[in-house]
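Numbering (my numbering), first residue to last: 42 to 454.
Right, one structure below, let's go through it.
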């Protein structure tokens, strides 16, 4: 039986309400990525672990998220993004809240891995779901706002627990994170019509056994090139708070505020990177410049004081915001990837990045424990840059008549 097509049109008011609900879910989703960071010192005291184990805990979420990105894309192609994305929200919110009940550090690792699986099921299907609410030509702004909402949730995930933990303890703080996602998830079940987010019909005839998105070298090139940056965005977000407390002598709240500046300003880099990627076709250059800026900022951290750390975080996050915007725009111009496989392509490149980023985060924690934060920051800067060599495998995007990236179907989601 052929896949049932998505609805051709959605009432604008219904689409707006559904989008608001999905953006709220995106914010809660991002909150649960980062709310463990401010809790790491308390978790260490509770279970008698140190920075090396912190790295494993950070990596556990990334491993769960990385392993299920491709299956999430395949499930979305078969069942539709609405079903899969809500499965992911349910699993992530329950697992995140259940971390409060962890009797041991091993149990906490397992629950954070499960939370990462839920995050994987939500991410790329949710992008397709937002797009399906709007007609062709009107999807850019809502999808862009949805993507940028991650920065808001991540910033709240760093600052919120810094104030909640002294009042409630780290366990109840994690429960708040689960509720912060679960409540808008339940509301959005009512706001997002069942008529949208159904399986997309194939645009390339009979579907091959191995989808084109999994065979296309560009997907793998982008995924591999940014394993270091993925690990760095997560390592800075999670380790800045304990670094600020133990090395810089900042209070928990102040360290959380500095950590916020390593994620929130990326909301500015997203629109900038998206526009640059659509206006110009030299995507390799865009990637390299933005990534080297991010690496340079990380390398400066050992010499940072409060004011310079805020400036470093701002530049770092804007630069990686540009990178991620470019990488989510260019699959729209890959003629080798059919319309219905764009979420799968995004899922694959994210899977590679998360898997590699998990290793980078774990390695960072081990370096901290074996040497110092100063040495670890320098190594992290190197690890950001080295994987960029994979970009030699990234095929060039053809130009349209006006010199901009061209050849994409404007009706693609």
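Glycine included, every Cβ here is placed at the ideal spot set by N, Cα and C.
On a CA-only basis, which of the options is nearest residue i? Give me that one, please.
i, options, result
"residue 109", "70, 164, 135", "164"
"residue 271", "412, 318, 107", "107"
"residue 161", "369, 176, 149, 126", "126"
"residue 401", "296, 118, 275, 216", "275"
"residue 142", "214, 291, 124", "214"
"residue 278", "381, 384, 303, 366", "303"
"residue 188", "123, 434, 69, 348", "69"
"residue 319", "427, 135, 366, 425", "366"
"residue 273", "115, 90, 361", "361"
"residue 91", "255, 405, 169", "405"
"residue 83", "95, 148, 73, 72", "95"
"residue 79", "364, 370, 204", "204"
"residue 408", "399, 421, 396, 398", "421"
"residue 121", "173, 139, 88", "173"
"residue 62", "340, 267, 133, 183", "183"
"residue 227", "412, 403, 65", "65"
"residue 71", "103, 197, 377", "197"
In or out: residue i buried (at least 16 other Cβ within 10 Å) or exposed?
i, result
"residue 76", "buried"
"residue 332", "buried"
"residue 251", "exposed"
"residue 346", "exposed"
"residue 52", "exposed"
"residue 284", "buried"
"residue 123", "buried"
"residue 326", "exposed"
"residue 467", "The structure shown does not extend to residue 467, since the chain spans only 42 to 454, so no value can be given for it."
"residue 74", "buried"
"residue 45", "Confidence at residue 45 is low in this model, with a pLDDT of 35, below 50, so the placement of that residue is unreliable and no value is reported for it."
"residue 433", "exposed"
"residue 259", "buried"
"residue 256", "exposed"
"residue 477", "A question about residue 477 goes unanswered here, because the residues of the chain that appear run from 42 up to 454."
"residue 430", "exposed"
"residue 442", "Note on residue 442: pLDDT 43, under 50, position unreliable in the model; no value is reported."
"residue 282", "buried"
"residue 153", "buried"
"residue 451", "Only weak support is given to the placement of residue 451: the predicted model assigns it a pLDDT of 37, under 50, and the question is left unresolved by the model."
"residue 379", "buried"
For a quick check, are the C-beta atoms of residue i and residue j less than 7 Å apart?
i, j, result
"residue 137", "residue 219", "yes"
"residue 342", "residue 261", "no"
"residue 388", "residue 99", "no"
"residue 288", "residue 414", "yes"
"residue 265", "residue 428", "yes"
"residue 105", "residue 129", "no"
"residue 338", "residue 356", "yes"
"residue 385", "residue 114", "yes"
"residue 410", "residue 268", "no"
"residue 313", "residue 237", "no"
"residue 297", "residue 224", "no"
Determine the extent of the alpha helix (DSSP H) in which residue i is found, giving its start and end residues.
i, result
"residue 324", "324-340"
"residue 401", "383-411"
"residue 79", "Note, residue 79: premise wrong, no alpha helix (DSSP H); not H, not E."
"residue 175", "Residue 175 -> no alpha helix (DSSP H), and no H or E assigned at all."
"residue 91", "First-last for residue 91: undefined, no H or E at that position."
"residue 144", "Premise fails: residue 144 is in no alpha helix (DSSP H) and is neither H nor E."
"residue 428", "Counting along the chain, residue 428 falls outside any alpha helix (DSSP H), and DSSP gives it neither H nor E."
"residue 372", "That residue, residue 372, is in no alpha helix (DSSP H); it is neither H nor E in DSSP."
"residue 112", "110-120"
"residue 261", "258-266"
Just verifying my parser: in three-state terms, what is the DSSP assignment at residue i?
i, result
"residue 308", "helix"
"residue 221", "helix"
"residue 436", "coil"
"residue 97", "helix"
"residue 51", "coil"
"residue 233", "coil"
"residue 183", "helix"
"residue 289", "coil"
"residue 210", "coil"
"residue 251", "coil"
"residue 102", "helix"
"residue 275", "helix"
"residue 196", "helix"
"residue 368", "helix"
"residue 379", "coil"
"residue 302", "coil"
"residue 161", "helix"
"residue 422", "helix"
"residue 167", "helix"
With hydrogens ignored, establish whether the beta-carbon of residue i is closer than 6 Å to any heavy atom of the ligand HEM.
i, result
"residue 331", "Ligands in the displayed structure: none, and consequently the ligand HEM is not present."
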